[in-house]
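Step one of this worksheet: look at the structure below.
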Amino acid sequence: ALVRVLAWKQQEAPTWSSGEFEMISDRAQAFAEKAHNVGVEPKRVQVQIRATGGSNNGFIYEGMGMAQEAGYDYWTSYGGVIFAYNSQTVRLWAPTRDPRNADKHSLGRVIFHADGWAGEWN
């Protein structure tokens, strides 16, 4: 998935944009830190994630400020990009598997929605 971060001071258009960069769950690209150069703590930060394959190719999702799943229960799929920011940087995290499940296939995804949402359309 390609990720873009936007930051505003107080105007309509973003004061800064990171441009798109790749994030991949369970890899070195599962964490990113971007200096936003806004000069103050932004009034608003938006993270956009654009799907680059599969049935959701081209759809854009927004990042969130919290996690939905810890990832230890191996049989549970989970996902999403979470982020936090301060006056200097924006930090982003994609899912990584719990070290206790290192020998198993990862079920965490940068973009994830399961059957049951929107009448099975995913």
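If you count the sequence shown from 1, position 38 lands on 920 in the numbering used here, and the numbers rise without skipping. Every residue, glycine too, gets a C-beta built ideally from N, C-alpha and C. Just so we're clear, the structure is a prediction, and the values are computed from it rather than from any experiment.
Of the residues the options, the one placed nearest residue i, counting alpha carbons only
i       : options                : result
Ala1016 : Val887, Gly936, Lys891 : Beyond the ends of the chain as shown, which are 883 and 1004, falls residue 1016; an answer cannot be given.
Trp890  : Val927, Gly940, Gly921 : Val927
Pro981  : Asp908, Glu904, Ala883 : Asp908
Lys925  : Asn983, Tyr967, Phe994 : Tyr967
Start and end residues, beta strand (DSSP E) containing residue i
i      : result
Phe913 : 913-917
Val927 : 926-932
Glu944 : 942-944
Coarse secondary structure for residue i, derived from DSSP in three states
i       : result
Gly1045 : Outside the displayed range of the chain (883 to 1004) lies residue 1045, so it cannot be described from this structure.
Ser899  : strand
Ala864  : Nothing can be reported for residue 864, as the shown portion of the chain is limited to 883 through 1004.
Arg973  : strand
Gly936  : helix
Asn1004 : Model confidence at Asn1004 stands at a pLDDT of 48, short of 50, so the residue's coordinates are unreliable and nothing is read from them.
C-beta contact flag for residue i and residue j at 8 angstroms
i      : j      : result
Gly921 : Gly961 : no
Glu915 : Ser969 : no
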